[in-house]
Amino acid sequence: MTPSETGALDLDAADPGHRELFDVPPAQGGDYPEVAYFAGNSLGLRPKATRSELLEDLDSWAALGVEGHLDAARPWLPYHELLTGPAARLVGALPSETVVMNTLTVNLHLLMVSFYRPTRSRHRIVIEDSAFPSDSYAVRSQVAFHGYDAEDAVIRLRPRPGEHSLRTADVVEQLGGDVALVLLGGVNYLTGELMDIPTITKAGHAAGAVVGWDLAHAAGNVPLALHDWDVDFAAWCSYKYLNSGPGAIAGAFVHERHLGADLPRFEGWWSTDAKTRFEMTPESRPPASADAWQVSNPPIFSMSPVRTSLEIFDKVGIEVLRERSVRLTAYLSDLLDGFEVITPADPARRGAQLSVRVRGAGELSRRLRFEYGVIADSREPDVLRFAPVPLYSTYHDCWRAGTALAEVMS
Ligand SMILES: *Cc1c(COP(=O)(O)O)cnc(C)c1O
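Numbers 977 to 1386, taken from this note's numbering, label the letters of the sequence shown in order.
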């Protein structure tokens, strides 16, 4: 039975999110003034508070010039520290293990400098065959940088024939004694599969490997416990589920047991202890925290939207969001019954995203946008991705997506 529009509206009344905190773009087609937005896994919507809070930071510059470093309402020198606590809570880390800096792939490289230290007998890196291309390029270039052959050194995990997602047991089986680094996506960007992070991390350690996670599609989507799961390092971007704007400043995690250790690191003046930074000594004195992985002084106006957004996550709580996310995604999943959904059906093995395999995905996403005001994206060659975001998506959005897809396909 197809759910009715009034049924969707009733569910929204009973189980509302926080759409009022966001600017929802106007639709360019269809029967409704606003888009039904399912691309929050690609670029999250702008919180309304982002604009005014960014303008406050910008105006500190006009009012204070260089004195803003210390005298701005939110002083620039320790600005990144405002983001550390909320980011740490979001990923289940200690503040000392967490830093907001750079962009995602840059962070992966900086962390691999410390955590990919290959030897002749142990130099392989395990990734998913469906890894986001940036991750593939990053690990291949790291392998080559150390003088090894990427064709041989990079192990790409594929699902079993006829299956779409990776089984944990199959991943674990691939972790042999020649693996130096396991670097997987916490939630796969294409299939939406949520990996069993604690089990794979444990298995990687048992095999003698370092285990890092790319949390681009996991941060702000599912609850994480990086410290307790004993993850070595992780990085994530802030423009997808974290709603911090295009190219937003990313996050990085280094487990406590590596802090203060004698690891190779690429350094700059922000790697040294903030207390002695302005003594201008020729040698750095890095703190025993993730801040030691910083290099440059951070871009304040790019950090401002991250701060605003993380405050929302702090206020609402990722556990509460996840509960609504499970309900909302299950509702959309019912509406997509009959399509080839390649995302795991078990809510414990997926986040918010549902990926549909269809021919002509690119053309379909254009029609959904211009004829129905439904924003979903396509990924080559044949995948349409829908991510109902628990902060701002509604049951009515899901109903619109389900009925629009059924219409364009018939
Ligand atoms: C979005 C995404 C990236 C993007 O990398 P940037 O460095 O932020 O441009 C990288 N890896 C994964 C898995 C992603 O989903």
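Where is the CB? At the ideal position from N, CA and C, for every residue including glycine.
| Check | Outcome |
| --- | --- |
| Quick check on the DSSP output: what are the complete alpha helix (DSSP H) runs of length 4 or more inside the segment 1125-1204, in order along the chain? | 1126-1129, 1144-1149 and 1173-1182 |
| May I have the straight-line CA-CA distance separating S1072 from H1231, to the nearest angstrom? | 9 Å |
| In the segment 1333-1370, which residue ranges form an unbroken beta strand (DSSP E) of at least 3 residues, counting only runs that do not cross its ends? | 1353-1355 and 1359-1362 |
| Looking at F1108 and ligand 1, is the gap between the Cβ and the nearest heavy atom below 7 Å? | yes |
| Around the Cβ of L1312, are there at least 16 other Cβ atoms within 10 angstroms (buried) or fewer (exposed)? | buried |
| My understanding is that S1097 touches D1154, with C-beta atoms under 8 Å, so please give their C-beta distance in whole angstroms. | 7 Å |
| Secondary structure at S1106, three-state DSSP: helix, strand or coil? | coil |
| Can you check whether the CB of A1363 is closer than 8 Å to the CB of A1328? | yes |
| Please identify the residue among Y1165, C1213, D1146 and N1017 whose C-alpha is closest to the C-alpha of S1278. | C1213 |
| Could you tell me whether the Cβ of P1051 comes closer than 8 Å to any Cβ of chain D? | Although the question refers to chain D, the structure presented lacks it and comprises just one protein chain. |
| Locate the beta strand (DSSP E) running through V1230, then write down its first and last residues. | G1227 to V1230 |
| Evaluate the contact criterion for the segment 1188-1201 versus the segment 1065-1081: three or more CB pairs, one atom per stretch, below 8 Å. | yes |
| Which whole-angstrom value describes the C-beta separation of F1392 and T1074, a residue pair presumed to lie in contact below a C-beta threshold of 8 Å? | Given that the chain is displayed from residue 977 to residue 1386, the structure contains no residue 1392 and the question cannot be resolved. |
| Give the DSSP-derived three-state secondary structure of L1053 in the structure shown. | coil |
| Which residues in the same chain have their Cβ closer than 8 Å to the Cβ of Q1270, if we skip the five residues on either side of it in sequence? | H1056, V1075, M1077, G1244, W1246 and S1247 |
| Can the beta-carbon of T1167 be found closer than 8 Å to that of S1141? | yes |
| Taking the C-alpha atoms as reference points, what is the distance between A1048 and N1273? | 16 Å |
| Could you tell me the boundaries of the alpha helix (DSSP H) in which A1250 lies? | Where A1250 is concerned, there is no enclosing alpha helix (DSSP H), given that its DSSP letter is neither H nor E. |
| Only counting the same chain, and skipping five residues up and downstream in sequence, which positions put a Cβ closer than 6 Å to that of G1161? | D1190 |
| Check whether the Cβ atoms of Y1217 and V1365 sit closer than 8 Å, and answer yes or no. | yes |
| Which value, in whole angstroms, describes the spacing of the CA atoms of E1127 and V1115? | 11 Å |
| Can you tell me which of A1211, A989 and D999 puts its alpha carbon nearest to the alpha carbon of G1188? | A1211 |
| Answer yes or no: the CB of T1252 versus the heavy atoms of ligand 1, is any distance below 7 Å? | no |
| Assuming G1378 contacts L1308 under a Cβ cut-off of 8 Å, what Cβ separation, rounded to an integer in Å, is found between them? | 7 Å |
| Which of helix, strand or coil does DSSP assign to A1211? | strand |
| Counting pairs of Cβ atoms below 8 Å between the segment 1079-1090 and the segment 1281-1289, do you hit three or more? | no |
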